[in-house]
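Remarks on the structure that follows.
Protein chains: 2
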Amino acid sequence: MKGGGHEILLIIALILFLARLFGSIFSRFGVPSVIGEIVAGLVLGPSLLGIVEPNEVLKLLSEIGIILLLFHIGLEVDFDILKKTGIQAFIVAVIGAFLPVILGYGVGRYFMGLSDVASLFVGGTLAATSIGITVRILQEMGKMKYRASQIILAAAIVDDILGVLLLTMLYEFAQNGTFQAFSAARYSMYVFTFLIAAPFVAYVAAMAMDFVVKRYGDHRVIAPFLLSLMFFLAYAAEKVGAPEILGAFTGGLAFSRRFRIPFVRNFRVSSLTLDRIEGIIEPLMLVFTPMFFVYVGLEINLREIDFTWNLFWIFLLLSLVAFVSKGIAGIFVKGSMAERFFIGLAMIPRGEVGLIFVELGRMSGIFDASLYAVMIGVVVFTTFIAPFMMRFYINRTGLFAD
Amino acid sequence: MKGGGHEILLIIALILFLARLFGSIFSRFGVPSVIGEIVAGLVLGPSLLGIVEPNEVLKLLSEIGIILLLFHIGLEVDFDILKKTGIQAFIVAVIGAFLPVILGYGVGRYFMGLSDVASLFVGGTLAATSIGITVRILQEMGKMKYRASQIILAAAIVDDILGVLLLTMLYEFAQNGTFQAFSAARYSMYVFTFLIAAPFVAYVAAMAMDFVVKRYGDHRVIAPFLLSLMFFLAYAAEKVGAPEILGAFTGGLAFSRRFRIPFVRNFRVSSLTLDRIEGIIEPLMLVFTPMFFVYVGLEINLREIDFTWNLFWIFLLLSLVAFVSKGIAGIFVKGSMAERFFIGLAMIPRGEVGLIFVELGRMSGIFDASLYAVMIGVVVFTTFIAPFMMRFYINRTGLFAD
Chain A
1 MKGGGHEILL IIALILFLAR LFGSIFSRFG VPSVIGEIVA GLVLGPSLLG
51 IVEPNEVLKL LSEIGIILLL FHIGLEVDFD ILKKTGIQAF IVAVIGAFLP
101 VILGYGVGRY FMGLSDVASL FVGGTLAATS IGITVRILQE MGKMKYRASQ
151 IILAAAIVDD ILGVLLLTML YEFAQNGTFQ AFSAARYSMY VFTFLIAAPF
201 VAYVAAMAMD FVVKRYGDHR VIAPFLLSLM FFLAYAAEKV GAPEILGAFT
251 GGLAFSRRFR IPFVRNFRVS SLTLDRIEGI IEPLMLVFTP MFFVYVGLEI
301 NLREIDFTWN LFWIFLLLSL VAFVSKGIAG IFVKGSMAER FFIGLAMIPR
351 GEVGLIFVEL GRMSGIFDAS LYAVMIGVVV FTTFIAPFMM RFYINRTGLF
401 AD
Chain B
403 MKGGGHEILL IIALILFLAR LFGSIFSRFG VPSVIGEIVA GLVLGPSLLG
453 IVEPNEVLKL LSEIGIILLL FHIGLEVDFD ILKKTGIQAF IVAVIGAFLP
503 VILGYGVGRY FMGLSDVASL FVGGTLAATS IGITVRILQE MGKMKYRASQ
553 IILAAAIVDD ILGVLLLTML YEFAQNGTFQ AFSAARYSMY VFTFLIAAPF
603 VAYVAAMAMD FVVKRYGDHR VIAPFLLSLM FFLAYAAEKV GAPEILGAFT
653 GGLAFSRRFR IPFVRNFRVS SLTLDRIEGI IEPLMLVFTP MFFVYVGLEI
703 NLREIDFTWN LFWIFLLLSL VAFVSKGIAG IFVKGSMAER FFIGLAMIPR
753 GEVGLIFVEL GRMSGIFDAS LYAVMIGVVV FTTFIAPFMM RFYINRTGLF
803 AD
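So the protein sequences, as listed, match chains A and B. According to this note's numbering, the first sequence is numbered sequentially starting from 1. According to this note's numbering, the second sequence is numbered sequentially starting from 403.
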């Protein structure tokens with residue numbers, strides 16, 4: 001067990017401790033603990049202390065965290081509600097993904113004088129909602145079971161897919177200077193096939209696992225087999241070009257208590273196994289999920305941002321685009337006005353997919369250093385502010401008060 | 403979340419699945435599942451399929467596994483039994499650590515014609531028992547609570563420390579050609595200080611955690627704070643030159659139900675918190691601990707061993723040394739003859755510290771390729787065979803039958 005490189009244990013110890021400490025302190029002041037975790041990342045990372053640098057190991061642990069979170073969210077999806085909200089969610093997702101692209105393109109092209117590709121990258125960065133942050137906040141507030149929350153979740157998943165689809169096309173466009181309808185269609189087909197196949201695979205695996213548990217009384221198989229399945233689905237999703245969190249999410253769906261495959265209504269995972277699964281997922285989530293949000297904080301270097309007035313106005317304008325475009329998307333949903341606005345608010349935080357856009361923009365030379373800083377700033381700003389707005393809005397309007 | 407390097411998720415999925423599958427199958431045939439897990443490593447690793455290679459990420463996950471295991475073992479230590487077995491365990495450890503070194507040195511020096519240093523490395527490889535494997539077997543058989551098992555555990559911990567101490571001295575000797583009593587004394591002092599200080603630190607942390615849980619009703623702090631403490635203690639142990647598993651073990655001790663610091667008898671971690679801790683540790687262990695044993699299998703490449711008769715006899719002779727030296731150590735313990743032999747048997751499996759000896763021997767040029775192969779062979783052989791012997795012996799003699 002000896003010999004070199006053990007600093008990583010100290011780093012993980014620090015991250016786990018600070019993330020929970022900040023999370024709990026923030027919680028006590030009514031702030032979602034996810035923000036405390038991002039702040040822990042800012043404190044440990046290059047922005048403040050500079051003790052911890054993002055690396056491959058921490059990245060993997062943070063991915064495990066987001067995979068567990070999305071699996072858990074899938075596990076809790078209520079299909080009866082989803083059936084009723086499907087079209088609503090789709091409307092929110094499509095409007096909420098394309099509006100930021102169009103408005104962002106406009107700002108880039110006409111206010112900042114960028115090229116077409118760069119302008120589309122600016123818009124694309126603002127297309128996808130961060131499922132992780134939004135749903136974590138709803139979960140912490142105990143609001144996941146409401147219809148509006150289910151629409152938000154479904155819409156966030158759909159616009160993540162749209163975001164990745166857009167990224168794939170734009171990236172190709174940036175590389176070759178041409179748009180290839182063929183590969184976009186092929187990509188869409190892959191993702192679509194995955195979305196159909198994954199729940200079946202997960203469902204069969206769930207039934208097999210449940211059989212082993214009941215037949216041999218060996219409940220020790222649950223934890224390793226469950227994680228194995230999660231990681232496999234995440235990998236498979238990534239392989240077909242979808243975000244890996246989509247794989248984890250579909251896996252969770254297949255295990256959820258209300259999941260049924262048409263015509264095989266009689267086969268369901270036993271309630272005892274499901275209880276055990278929940279008992280396994282919870283401690284794993286408490287350890288790994290904060291790692292993801294700490295990692296978001298680690299990846300930001302506030303010191304690198306060279307603040308000028310010009311950048312500041314662009315930042316404000318793009319933040320406005322980020323807020324307004326999602327806000328508008330919510331209005332087209334059926335429901336009370338309070339619900340509509342809340343859905344728009346909840347779609348505001350950008351996260352993983354947005355950061356990937358920014359990163360690819362920088363790597364391919366489309367974004368220069370200052371544009372890169374501004375775009376990261378906008379993504380971070382939406383992530384920081386939206387939870388406060390959501391909380392404030394809920395308290396103010398008495399939404400979900402029943 | 404996208405972009406490169408996601409094969410690792412597939413690899414972890416494969417490892418988790420196969421380790422549990424083999425573990426459960428082996429279990430059903432009465433073989434400890436730890437052997438199934440090592441076999442899973444041999445199958446996935448360079449020995450058979452060659453799909454998975456040892457790497458830094460898997461190494462970290464396997465370390466987390468062994469840290470969790472040792473913490474859990476510490477948690478279950480019964481201090482009343484340990485108080486009664488302290489001297490007995492010390493005798494087993496000292497004899498069981500020095501006898502293999504002397505006998506191994508003799509074989510190396512006079513049968514194989516090796517240098518003094520190389521001969522001492524041969525002996526040193528056989529000095530330390532693998533706590534992980536031995537205790538895992540006892541745990542799986544539900545025998546941890548017996549006096550003999552407590553002696554075995556304590557002796558394995560002490561001889562691990564002796565093994566690492568020996569390694570530190572020998573390594574320095576190999577590098578400089580001189581033995582430095584000063585640095586050995588300093589090292590011993592560090593480790594001793596750690597052994598005194600660590601349980602206090604862990605105890606204070608445990609009390610603080612328990613206070614937060616009760617005062618704020620926030621039980622979400624338990625899982626992250628507990629792992630943070632474990633990793634910190636593992637890191638601190640490694641920092642003072644002790645094996646990191648020692649840190650995890652002392653941490654577990656401080657949380658155990660029977661742990662008391664003199665004069666502060668009234669402060670104890672509440673039973674509710676301890677129940678929660680056990681509920682958290684179990685799923686984490688089921689996921690991570692097999693990773694360690696799979697990693698042991700991954701690190702072995704059976705194909706690299708060039709089998710000749712000469713090597714075979716040396717292998718047999720050293721295996722005999724490995725078996726006999728530990729077997730003799732058990733005889734000096736008080737108790738029934740059956741107990742004495744069993745203690746000797748249980749001390750046979752070599753593991754982590756032995757493999758570190760072999761690795762350092764190879765890296766510093768003391769072991770050539772064939773000697774390296776033989777030494778790994780002996781370590782693996784003891785690891786494979788001892789569990790069968792332990793099982794057979796228990797069934798045959800009816801030990802622990804009460």
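Positions of the beta carbon are idealized from the N, C-alpha and C atoms, including for glycine.
- Exposure of residue 363(A) is indicated by the presence of fewer than 16 other C-beta atoms within 10 angstroms of its C-beta.
- Annotation: the continuous alpha helix (DSSP H) that includes residue 694(B) extends over 673-700.
- Annotation for residue 243(A): 160, 161, 164, 237, 352 and 353 place their beta carbon closer than 8 Å to its own, counting only its chain and skipping 5 residues before and after.
- For residue 284(A), the chain B residues whose Cβ falls inside 8 Å of its Cβ are 685, 686 and 689, in order along the chain.
- The region 95-175 of chain A is shown to contain whole alpha helix (DSSP H) runs of 4 or more residues at 116-125 and 131-140, in chain order.
- Burial state of residue 777(B) is buried, judged by a 10 Å Cβ sphere holding 16 or more other Cβ atoms.
- At a cut-off of 8 Å, the C-beta of residue 396(A) has no neighbouring C-beta in chain B.
- Around the beta carbon of residue 527(B), 16 or more other beta carbons lie within 10 angstroms, which makes this residue buried.
- The closest CA to that of residue 676(B), considering only 459(B), 655(B), 512(B) and 534(B), is found on 655(B).
- For residue 24(A), the neighbours in chain B by C-beta distance under 9 Å run, in chain order, 614, 618, 620, 622 and 623.
- If you compare the alpha carbons of 613(B), 623(B) and 653(B) with that of residue 598(B), the shortest gap goes to 653(B).
- A direct Cα-to-Cα measurement between residue 116(A) and residue 109(A) gives close to 7 Å.
- When Cβ-Cβ separations below 8 Å define contact, residue 252(A) makes no contact with chain B.
- Within the model, the alpha-carbon separation for residue 783(B) versus residue 720(B) is close to 11 Å.
- Close CB contacts of residue 386(A) within its chain, under the 6 Å cut and outside five residues either way in sequence, are with 348 and 349 (chain order).
- Residues of chain A with a Cβ closer than 7 Å to the Cβ of residue 415(B) are, in chain order, 228, 231, 232 and 235.
- When the five nearest sequence neighbours on each side are left out, the beta carbons in the same chain lying within less than 7 Å of the beta carbon of residue 212(A) are those of 218 and 221, in order along the chain.
- Taking the beta carbon of residue 224(A) as reference, the chain B residues within 8 Å of it are 418, 419, 421, 422, 688, 689 and 692, listed in sequence order.
- Using beta-carbon distances, residue 741(B) does not count as an interface residue toward chain A, since no partner is under 8 Å.
- For residue 682(B), at least one C-beta of chain A is nearer than 8 Å to its own C-beta.
- With a cutoff of 8 Å on beta-carbon distance, residue 74(A) and residue 370(A) are scored as not near each other.
- The alpha-carbon separation between residue 552(B) and residue 736(B) amounts to approximately 13 Å.
- Secondary structure within the region 586-643 of chain B: not one fully enclosed beta strand (DSSP E) run of 3 or more consecutive residues is present.
- Less than 8 Å divides the Cβ of residue 191(A) from the Cβ of residue 240(A).
- The beta-carbon distance between residue 635(B) and residue 470(B), rounded to whole angstroms, is 12 Å. This is too long to meet the 8 Å contact definition.
- Residue 459(B) reaches chain A at 56, 57 and 60, counting residues in chain order whose Cβ is nearer than 8 Å.
- By the Cβ rule, the region 92-109 of chain A counts as touching the region 319-327 of chain A, because three or more pairs are nearer than 8 Å.
- The Cβ neighbour count for residue 739(B), taken over all protein chains shown within 10 Å, is under 16; the residue is labelled exposed.
- Against chain B, the beta carbon of residue 140(A) has no neighbour under 9 Å; the closest one sits roughly 10 Å away.
- For residue 52(A), there is no enclosing alpha helix (DSSP H), as DSSP gives it neither H nor E.
- Residue 350(A) has 129(A) as its beta-bridge partners, per DSSP.
- Residue 40(A) has its alpha-carbon roughly 21 Å from the corresponding atom of residue 389(A).
- Contact annotation: residue 785(B) and residue 467(B) have beta-carbon atoms that are not nearer than 8 Å.
- Sequence-distant Cβ neighbours of residue 455(B) in its own chain, meaning closer than 8 Å and more than five residues away, are 447, 448 and 700.
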